[in-house]
C-alpha cells in the first residue's frame, strides 16, 4: 500500500470561506438527523459511498476534537485526517488532512453539518482545498473528475438515506 509521504498544512473553520477552491452541497434527505449523524460517526463512516474504498477512524472512541481517521479515494489516493471540530449536540464536525499518498493538495478540509429539515434532514457537506503549488493548473483540468467524484458521493448518500423529494 502507498506510504503517506506528503504533509498537508493544518487549517481551521475559516478555511471553508477563504480556500482557493470550495464546494458546498446541501442534501435534503428522508432520514431523520440522528440517523444521518449516526451514519457519519459510525466506525466505518461513509461506507455507502462507492468512490471511498475504506474510511475508518484510527482513534479509539469516544470520537471528538483530535480524532484521527484514514480515507481511501478511488482506491488510489489515501489521506490521514484530524478533526478540529466535533459537536454532537449540533451534529457538526470538520477535519483537515494531515498527510497523503500523493501531492495533490497543500491543504484539504471537509465539514459535515446535519440539520432538521422538512420532516427529514439536511446534510450540508463542504469541501475546501488549496492545490499543491505545482498542480494548480493541472487540478483545473481535473475538475471534471472532481465533479464526477462529488456527484457519486451525492448520489450514493441520497440512495443510502433516501432523498426527501424525488431527484431526477
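Numbering (my numbering), first residue to last: 1307 to 1474.
Quick reminder that beta carbons are idealized off the backbone N, C-alpha and C, glycines included.
Query, Result
"CA nearest to the CA of residue 1364, picked from 1388, 1461, 1454 and 1318", "1388"
"Buried versus exposed call for residue 1290 [16 or more other C-beta atoms within 10 Å across all chains shown]", "Because the chain in this structure spans residues 1307 to 1474, residue 1290 falls outside the shown range and cannot be described."
"Three-state class that DSSP yields for residue 1382 in the structure shown", "coil"
"Beta-carbon gap between residue 1338 and residue 1468 smaller than 8 Å", "no"
"Pick from 1346, 1326 and 1356 that is closest to residue 1459, judged by C-alpha positions", "1356"
"Collapsed DSSP secondary structure at residue 1422 in the structure displayed", "strand"
"Three-state class that DSSP yields for residue 1342 in the structure shown", "helix"
"Own chain residues within Cβ distance below 8 Å of residue 1384, not counting five before or after", "1307, 1308, 1310, 1376, 1377, 1378, 1406 and 1407"
"Buried versus exposed call for residue 1403 [16 or more other C-beta atoms within 10 Å across all chains shown]", "buried"
"6 Å Cβ shell around residue 1370 - same chain, five flanking residues per side excluded", "1392"
"Inter-residue Cα distance where the pair is residue 1367 and residue 1413", "26 Å"
"Reference residue 1462; option with closest CA among 1410, 1419, 1335 and 1373", "1335"
"Residue 1397 beta carbon less than 8 Å from that of residue 1420", "yes"
"Inter-residue Cα distance where the pair is residue 1343 and residue 1450", "29 Å"
"Other residues of its chain near residue 1332: CB distance less than 7 Å, five sequence neighbours each side excluded", "1428 and 1430"
"Distance, residue 1455 Cα to residue 1415 Cα", "16 Å"
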